[in-house]
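Enquirer: Handing you this structure, nothing more for now.
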Amino acid sequence: MKILVCVSKTPETTARIAFTNGNTEFDSSGVQFIMNPYDEWYALVRAIELQEAHGGTVTIINVGPAENDTVIRKGLAIGADEAVRVDVSPRSALYVAKQIAEYAREQQFDIIFAGKETIDHNGSEVGAMVAEYLDMPFISFATTLSLEGERATISREIEGGEEVQEVNLPFVVSAAKGMAEQRIPNMRGIMMAKKKPLNVIPPVPFEDLAVATSYTLPPAKTAVKLVSPDNMDELVRLLHEEAKVI
C-alpha cells in the first residue's frame with residue numbers, strides 16, 4: 253500500500269502575526285515555524301499506523317522552498333519513509349493542490365492524507381482540490397479510519413453529530429482531531445531521518461486563477477470592564493449603551 257501525506261509549514265501557534273510590503277506579504281521575521289499540527293498529529297501519524305498494520309510505504313510531500321526542509325525532516329523522524337518537496341513557494345491553495353496532484357498522478361497512491369486545515373489560513377481546501385484533480389473520492393474532517401482489504405470505514409465530523417462512510421481505495425481524506433495520537437520523534441528516528449531520501453522536484457507550470465492582494469488583521473480587542481456583582485444597574489447600562497446587546 254502506498255500512502256501520501258500532504259504537509260505544510262505554518263507559524264507556531266503563539267507567533268506574532270504581521271504583514272509587510274503594503275499588507276500583501278506575511279512578515280516572517282522572528283517567527284518560529286512548525287509542521288501544521290493537523291498534518292503532523294493526525295494525518296501523518298495515522299498514515300504510519302496504517303503502514304505498521306498493513307505494510308507499504310509512507311511518503312510526505314511539501315510545496316515550498318529549501319527552508320522547509322527542517323519541517324520535512326521532522327516528518328521523516330516521526331516515521332515516514334521518504335519525502336518530496338516541490339521547489340516553489342506556495343502561492344495559493346489551488347496552486348499547492350495542483351503541484352501535489354501532478355506528483356500523485358504519476359505515483360498511483362492508494363490513500364492521500366491531508367490535515368483538515370492549516371492553522372494559519374484555516375482554508376480546508378487542498379485535500380478537496382487534490383481529490384478533484386485526480387477524480388478520487390474525498391472524505392473531509394475524518395476522526396477515525398479503519399481498513400479492511402481494499403475498503404475503508406471512516407467516521408467524520410458533521411454538525412451535531414458523526415457520519416460513517418465506506419469507500420474503496422484509492423481515496424483522499426482530511427484528518428481531524430481524534431484520527432491519531434501525537435508521536436514525538438525519538439533520537440533513533442531523528443538520526444535515521446538524516447539518511448532518508450528527500451527528493452526535490454521542479455513545479456509544474458500553472459497559472460493561479462486568483463491571487464490574494466492584501467491582508468488585514470482583525471481589530472484589537474477592547475479593554476475588559478469589570479462590574480461589581482452589587483452594581484447590576486451599571487451592568488445593564490453597559491450592555492445597552494456600549495455593547496448594544498440589549
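Heads up: the sequence shown begins at 253 in this note's numbering, then just goes up one per residue.
Backbone N, C-alpha and C fix where the C-beta goes; we use that ideal spot for every residue, glycine too.
1) The alpha helix (DSSP H) with MET443 in it runs from where to where?
2) From the DSSP output, which residues share a beta bridge with PRO240?
3) Please report the distance separating the alpha-carbon of PHE361 from that of PRO342.
4) Report buried or exposed for ALA422, applying the criterion of at least 16 other Cβ atoms within 10 angstroms of its Cβ.
5) Please list the segments of the beta strand (DSSP E) lying wholly inside the stretch 307-355, counting only runs of 3 or more residues, in order along the chain.
6) Beta carbon of THR370, beta carbon of ASN288: below 8 Å?
7) Considering only the beta carbon of each residue, do VAL378 and ALA366 sit closer than 8 Å?
8) Is the Cβ-Cβ distance between VAL323 and ILE453 less than 8 Å?
9) Taking the beta strand (DSSP E) that ALA432 belongs to, which residues open and close that run?
10) Under three-state DSSP, which class holds ALA299?
11) Quick check on the DSSP output: the alpha helix (DSSP H) that includes ALA380 runs from which residue to which?
12) So the candidates are ASP291, LYS261 and ILE410; which of them puts its Cα closest to the Cα of GLY316?
13) Taking three-plus beta-carbon pairs below 8 Å as touching, is the stretch 377-394 in contact with the stretch 446-464?
14) Put VAL488 into one of helix, strand or coil per three-state DSSP.
15) Among the candidates LEU461, VAL259, THR465 and ALA495, whose CA atom is the shortest distance from the CA of ILE352?
16) With GLY367 as the anchor, note down where its beta strand (DSSP E) starts and where it stops.
17) Kindly indicate the opening and closing residues of the beta strand (DSSP E) around PHE393.
18) With three or more beta-carbon pairs closer than 8 Å as the criterion, would you say the stretch 292-307 touches the stretch 417-434?
19) Report the partner residues of VAL419 according to the DSSP bridge assignment.
20) Does the beta-carbon of THR311 have 16 or more other beta-carbons within 10 angstroms, so that it is buried, or is it exposed?
21) Could you please give me the residues that DSSP links to LEU256 through a beta bridge?
22) Tell me the DSSP bridge mates of PHE271?
23) Out of PRO481, THR465 and VAL340, which one is the CA nearest neighbour of ASP321?
Expert: Walking through what the data contain:
1) For the purposes of this step, residue 443 is identified with residue 191 of the sequence shown, where counting begins at 1. Taken as a continuous stretch (DSSP letters only), the alpha helix (DSSP H) holding MET443 covers 439-445.
2) For the chain, the structure presents residues 253 to 498; residue 240 sits outside this window and is missing.
3) For the purposes of this step, residue 361 is taken as the residue at position 109 of the sequence shown. For the purposes of this step, residue 342 is taken as the residue at position 90 of the sequence shown. Note on geometry: alpha-carbon atoms of PHE361 and PRO342 lie some 22 Å from one another.
4) Residue 422 sits at position 170 when you count from the first residue of the sequence shown. Residue identity differs from the one stated: residue 422 is Pro in this sequence, not Ala. The residue in question, PRO422, is buried, as its Cβ has 16 or more Cβ neighbours within 10 Å.
5) Complete beta strand (DSSP E) runs here, min 3: 309-315 and 334-338.
6) The count along the sequence shown starts at 1 and reaches residue 370 at position 118. The count along the sequence shown starts at 1 and reaches residue 288 at position 36. Against a cut-off of 8 Å, the Cβ pair of ASN288 and THR370 comes out as a contact.
7) Numbered from 1 along the sequence shown, position 126 holds the residue referred to as residue 378. Numbered from 1 along the sequence shown, position 114 holds the residue referred to as residue 366. For the 8 Å CB-CB criterion, VAL378 and ALA366 form a contact.
8) On the sequence shown, residue 323 is found 71 positions in, with the first residue counted as 1. On the sequence shown, residue 453 is found 201 positions in, with the first residue counted as 1. Cβ distance not < 8 Å, so VAL323 and ILE453 don't count as in contact.
9) The residue you call residue 432 lines up with position 180 of the sequence shown. It is not in any beta strand (DSSP E) - ALA432 carries neither H nor E in the DSSP assignment.
10) By 1-based counting over the sequence shown, the position of residue 299 is 47. Helix, per DSSP.
11) Within the sequence shown, numbered from 1, the residue matching residue 380 stands at position 128. Segment 378-386, the alpha helix (DSSP H) holding ALA380.
12) Stepping through the sequence shown from its first residue, residue 316 is reached at position 64. Comparing alpha carbon positions, the residue from ASP291, LYS261 and ILE410 closest to GLY316 is LYS261.
13) In short, these stretches do not touch, since the Cβ pair count stays below three.
14) Here residue 488 refers to the residue found at position 236 when the sequence shown is read from its first residue. In the three-state reduction of the DSSP assignment, VAL488 falls in the helix class, which pools H, G and I.
15) Counting from 1 along the sequence shown, the entry for residue 352 is found at position 100. Among LEU461, VAL259, THR465 and ALA495, the Cα nearest to that of ILE352 belongs to VAL259.
16) Position 115 of the sequence shown, counted from the first residue, corresponds to residue 367. Counting along the chain, the unbroken beta strand (DSSP E) around GLY367 starts and ends at 363-367.
17) Stepping through the sequence shown from its first residue, residue 393 is reached at position 141. Residues 390-400.
18) Because the criterion of three Cβ pairs below 8 Å is met, the stretch 292-307 and the stretch 417-434 touch.
19) The count along the sequence shown starts at 1 and reaches residue 419 at position 167. According to DSSP, VAL419 bridges with ALA404.
20) Position 59 of the sequence shown holds residue 311. Flag for THR311 reads buried.
21) By 1-based counting over the sequence shown, the position of residue 256 is 4. LEU256 pairs with THR311 and ILE364.
22) Locating residue 271 in the sequence shown gives position 19, where the first residue counts as 1. Listed as beta-bridge partners of PHE271 by DSSP are PHE278.
23) Residue 321 sits at position 69 when you count from the first residue of the sequence shown. ASP321 has its Cα closest to that of VAL340, out of PRO481, THR465 and VAL340.
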